[in-house]
Amino acid sequence: MDTRQWMSILLCFATAIMLFVSFLSYRKRHLQVARTMIYMMIAASCYSLGYAFEIVSESLSGIKLSLQIEYLGIPFVSAFWLLLVIQFTGLAARYRKWLTFLVFLVPTVTFLLHLTNEWHHLVYAEYIPSINYSVPVFTTIKGPWYAVHAIYNYTILLLGILLFIPMYLRAMPIVRKQIVVLILGAAAPMLCNIVYMFGQIIDLTPFGFAVSGVVYAWGIFRFRLLRLTPLAYAKMFDTIRDGVILLDYEDQIVNHNHAAEDIFPELGLAKLLPVLSADVLSACPELLTRIVSREYRDDRFSLQRLLNGQQRYYICSLTYIYDTGAAPIGKMVMFNDITELKENEERLREKSERLSRLNTFKDKLFTVMAHDIRDPIALIVSLTELLVEEPTDSDIASAEVFQEIRRQVRDTFHLVDNLLDWYRSQNGEVAFRPAAWNLQQVARQALSIAGARAAMKNLTLTEQIDERLTVNADKEMLDLIFRNLLSNAIKYTDIGGRIELSAFFEGDWVKVSVSDNGSGIDEETAQMLRHDEMYFKEPGFASREASGNMRFGLVLTREFLRMHGGSLSFNSSPGQGSTFIFTLPGSVGREVQIENERSAVIANESHIS
């Protein structure tokens, strides 16, 4: 196998490498840089493949056909590389279309001129057979446009490298390595082409592209060349709201974003980077001390800065950056502005203090007003009770009006009394102190208090409670429970009716029943008692007609029973009366338990028979 065949095989291998890089780039084709890499490698593979055919061609027609294949890529490789640099650096994004047009103007003209070279010979003036049948078999004499295109190629290659320099100086380590890979990939074919331009017969440029393919493949696998472009890094770095400062291992500031300049205006005055952190951050000795520390551990601390006459607050994070080794290669300091959070926290604290003062004032006002209203209403109730004992028959209409006034004043008094008790319980003024109480004595005390009102309506009050029943309850709350239930029963029982008070022991609970044969409760009150919440949402809850007072009292009764662990239930039929049953923890003598068990057995036997 002669030299030409070996070179042709090597060029085919180089073509395969470049197509492999195109395949790797195709997998990341959603990135603009990756798409440009695909086109550049395809153009270089056309150059390499065409040159492989040129080497083994033995006729002039074969040479010309091979050159046509080569020129599918030769004019455009350098243009695609410069376009990749522009995209990589993010240069002139607004004028990208015009730049692309200008970059590809000369390559397009070169391609068309070579396609029509037989008419004008501007690219290749003449084809001369080589001496001693060397490689290739024909030597080309270049035309004037070939020199134009060569100068253009070198110019844009150098321009791309110059564009990389400022980016390299400001870039993070991973981005710097990607830049080096791209420059090496461009330098290999350029150096080979320079050797060819200075008198060598064999064009080694396609082999240089093979080196580029290997370098780019290495960069893709080793340095994530096409996973996230530096432009994306730069956009993220510059647009992040937190301030970021990057430092190298010598504590020199190598990069920072715009948000960091807002925090430290001195950064904007530094013309060239890197710059010593001690020269720029000298006004912030606390931060500088943490930066120059050699403890090599991440740190988190707070920082205050006076900017434009306003105090700013920041949470700072100092993070060490590592490469592949154990020693850090740099540091990153991030500044999270929490000024607004601090101000909101201060406003919330002020509002909380103001609300606390208002709440204290409300408590005092409620207590004073409740007592100021309760006392005169109690006096009015007493006066109306005295006046009603000597009714006047001369004016029946006036008597009816007086009776209505008396009823409204009495209901209002009970409402205020209940409201004050509820408020005291919710505000913590009523302490829950359960103790053992004889249920019969407490019930009889409540009946004696309600007896006067019951006698006015000729109601019969009966009590059937065993004297040995004991409940574990708060005395003040138990009195209120009996007062509310008896008051409602008296109010809604017609003249001559009856009210029964009974109790029995079941398990660990004492069940107390208050029954009447009155009008029963309305459906709205029944729905309210089945509701789990306080049911105070509706305006006018405690003021709609006479039932409002009853509802408030029943809700308060239920809440007090829940504090004891008990419950409140009811049965009611319109026109037939109501039965309210509440439970309290209690105890009973052994005799009563035996009697209850015997009664339960007799009841079961009667049910079976």
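Our numbering puts the last residue of the sequence shown at 696; the count rises by one with no breaks.
For each residue, glycine too, the CB sits at the ideal point set by N, CA and C.
Predicted model, so just to flag it, every value in this text is computed and none were measured.
- In terms of CA proximity to L405, T376 leads the group Y303, N446, T376, L394.
- Per the DSSP secondary-structure output, Q391 pairs in a beta bridge with Y400.
- In the three-state DSSP reduction, Y211 falls in the strand class (E or B).
- When only Cα atoms are considered, F591 and L616 end up about 23 Å apart.
- Spanning the alpha carbons of L199 and G247 requires a straight line of approximately 25 Å.
- DSSP, reduced to helix, strand and coil, places S665 within a strand of the structure shown.
- Boundaries for I416: no alpha helix (DSSP H) harbours it, while the beta strand (DSSP E) harbouring it runs 415-424, taken from the DSSP string.
- For the set S144, I156, G149, K418, the Cα lying nearest the Cα of A131 is the one of I156.
- The beta carbon of E554 is closer than 6 Å to those of Q527 in its chain, skipping five residues each way along the sequence.
- Closest in C-alpha terms to E611, from the list G584, D566, I582, S659, comes S659.
- Under a 10 Å Cβ-count criterion, D366 is classified as exposed, with fewer than 16 other Cβ atoms of the shown protein chains found around its own Cβ.
- Between I378 and S389, the CB-CB gap reaches or exceeds 7 Å.
- For A346, the enclosing alpha helix (DSSP H) has its first and last residue at 345-350.
- Out of L256, V210, N342, the CA that lies nearest to the CA of G230 is found in V210.
- In its chain, beyond the 5 residues on either side, Y400, Y401, I402 have a beta carbon closer than 8 Å to the beta carbon of I425.
- Here the alpha carbons of L245 and V262 stand approximately 20 Å from one another.
- Here L192 is exposed, its C-beta having fewer than 16 other C-beta atoms within 10 Å.
- Assignment of beta-bridge partners to N525 by DSSP yields T557.
- S135 is classed as buried because its beta carbon has at least 16 other beta carbons within 10 Å across all chains shown.
- Taking a 10 Å sphere around the C-beta of F167, we find 16 or more other C-beta atoms and assign the residue as buried.
- Note that the C-beta distance between L98 and A139 is below 7 Å.
- Contact check between the region 434-444 and the region 341-360: fewer than three CB pairs, one atom from each, fall below 8 Å, which does not count as touching.
- If you ignore the 5 residues before and after L360, its C-beta comes within less than 7 Å of the C-beta of L256, R257, I340, V341, N342, all in its own chain and listed in chain order.
- Taking 7 Å as the cut-off, the Cβ atoms of S589 and Q551 count as close.
- According to DSSP, residue pairing for D603 in a beta bridge involves I586.
- When C-alpha distances from N545 are compared across A530, I568, I582, M564, the shortest belongs to I582.
- Annotation: H651 to T644 spans about 11 Å, alpha carbon to alpha carbon.
- T227 has Y214 as its beta-bridge partners, per DSSP.
- Under the criterion of beta carbons closer than 8 Å, I104 and V301 qualify as touching, at roughly 6 Å.
- Counted as a single uninterrupted DSSP element, the alpha helix (DSSP H) harbouring E373 occupies residues 372-379.
- Straight across, the Cα-Cα distance linking V120 with F251 is about 15 Å.
- Residue pairing for N575: DSSP places it in no beta bridge.
- At a Cβ-Cβ threshold of 7 Å, F669 and V599 count as neighbours.
- Setting aside the 5 residues that flank it on each side, Y158 is surrounded in the same chain by F198, H201, each with a C-beta closer than 7 Å to its C-beta; the list follows chain order.
- G673 has V558 as its beta-bridge partners, per DSSP.
- N423 and D335 do not touch by the CB rule: their CB atoms are close to 23 Å apart, not below 8 Å.
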